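Using the numbering used here, read the sequence shown as starting at 1 and increasing by one per residue. Even glycine gets a Cβ: it sits at the ideal position worked out from N, Cα and C. Values in this document were obtained by computation on a predicted structure and should not be read as measured data. A quick write-up on the structure given underneath.
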Amino acid sequence: MKHIVLAATLGAFLTAGTAAAMAAPLVYTPINPSFGGNPLNSSHLMGLASAQRTATAFDAKKDGDGGTDPGTTPGSSDAELFIRQLQGRLLSALASQVTEAIFGENGAPSGEIVFDGTIIKFNKTLSAIELEITDETGTTVISVPRLQIN
């Protein structure tokens, strides 16, 4: 009887030992780069999110009863959308030119850029870059501190 119990116990240990040898630990690997995943996944995940998104900025406009009114979306024609996109690109190109004039390889210590009734004056000092933007609504002064490396 002792031999049967010993053989059964030995068989149980051998079976448990082989099962433990075949098991591997579970390792969680995040997909989303916001949570430590591969940064190359970001554009793919943004594409998936954009494809699933049905709401637009125009849906934020509320009608009288508090709900959205999709029939009254202003500026939703193709021509108006094209004009808005074109204005955005032109303003972006203008901002790039201003940035190049201030910070570029041949950046000037001070200067003035004029376009369509808007005047941008800039002056680089040791501690800041001062911008003065003048248009038909008034003058705005912006002072951006410069990076000081010791």
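Burial state of F35 (16 or more Cβ within 10 Å):
With fewer than 16 Cβ atoms within 10 Å of its Cβ, F35 is classed as exposed.
Pairing CB atoms from the segment 108-115 with CB atoms from the segment 83-90, are three or more of them under 8 Å?
Touching, no, given that fewer than three Cβ pairs across the two stretches are closer than 8 Å.
In chain order, what residues of the same chain have a beta carbon less than 6 Å from the beta carbon of K121, not counting five sequence neighbours either side?
Only residues of its own chain outside the window of five on either side were considered, and among them E112, E132 have a CB closer than 6 Å to the CB of K121, listed in chain order.
How would you call I149, buried or exposed, if buried means at least 16 neighbouring beta carbons within 10 angstroms?
I149 counts as exposed, since fewer than 16 other beta carbons sit within 10 angstroms of its beta carbon.
Select from E100, N32, P145 the residue whose C-alpha is nearest the C-alpha of E130.
For the set E100, N32, P145, the Cα lying nearest the Cα of E130 is the one of P145.
For L126, which three-state DSSP category applies?
In the three-state DSSP reduction, L126 falls in the coil class, being neither helix nor strand.
Distance between L81 and Q97 (C-alpha atoms, nearest Å):
Cα to Cα, Q97 sits roughly 25 Å from L81.
Taking 8 Å as the threshold (C-beta atoms), are N32 and L40 in contact?
Taking 8 Å as the Cβ cut-off, L40 and N32 do not qualify as a contacting pair.
Would DSSP call G138 helix, strand or coil?
In the three-state reduction of the DSSP assignment, G138 falls in the strand class, which pools E and B.
For A51 and P30, I'd like the C-alpha separation in whole angstroms.
Rounded to the nearest angstrom, the gap between the Cα atoms of A51 and P30 is 22 Å.
Should I83 go down as buried or exposed, given a rule of 16 or more other Cβ atoms within 10 Å for buried?
Per the 10 Å Cβ criterion, exposed.
Could you pull the start and end residues of the beta strand (DSSP E) that F82 belongs to?
Secondary structure note for F82: it is in no beta strand (DSSP E), and the uninterrupted alpha helix (DSSP H) holding it is 78-103.
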